[in-house]
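Report on one structure; see the data block that follows.
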Amino acid sequence: MPRPKSELTSVAKTVSIRLIPAHYAEWKRLEGAKWLRQQLSQSIKNQEPQKPHLYALRDHLGQLFRR
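If you want it as structure tokens, here you go:
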């Protein structure tokens, strides 16, 4: 029975670059694609807007409309 496609295989894009030997050695030391995926995930997480707590939002809106 075939396994279901994961997020990585269904819409994945390929990224390639040319590296000098020193850069390639560092890429391998950092574990290559695994490291890059972690960096990208962290970057996305850092860009997500902070969601205000619903009760704080309710209180703030209540103060605005009481004026």
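Throughout, my numbering is defined as the position within the sequence shown, counted from one, plus 581. Think of the CB as a built atom: it goes at the ideal place given N, C-alpha and C, for glycine as much as any other residue. Remember, predicted model here, so these are calculated numbers, not experimental data.
Which whole-angstrom value describes the C-beta separation of residue i and residue j, a residue pair presumed to lie in contact below a C-beta threshold of 8 Å?
| i | j | result |
| --- | --- | --- |
| W608 | L600 | 6 Å |
As a quick exercise: from the options, pick the residue whose alpha carbon is nearest that of residue i.
| i | options | result |
| --- | --- | --- |
| K594 | H604, P602, A614 | A614 |
3 or more residues per run - each beta strand (DSSP E) lying fully within the stretch 598-639: none
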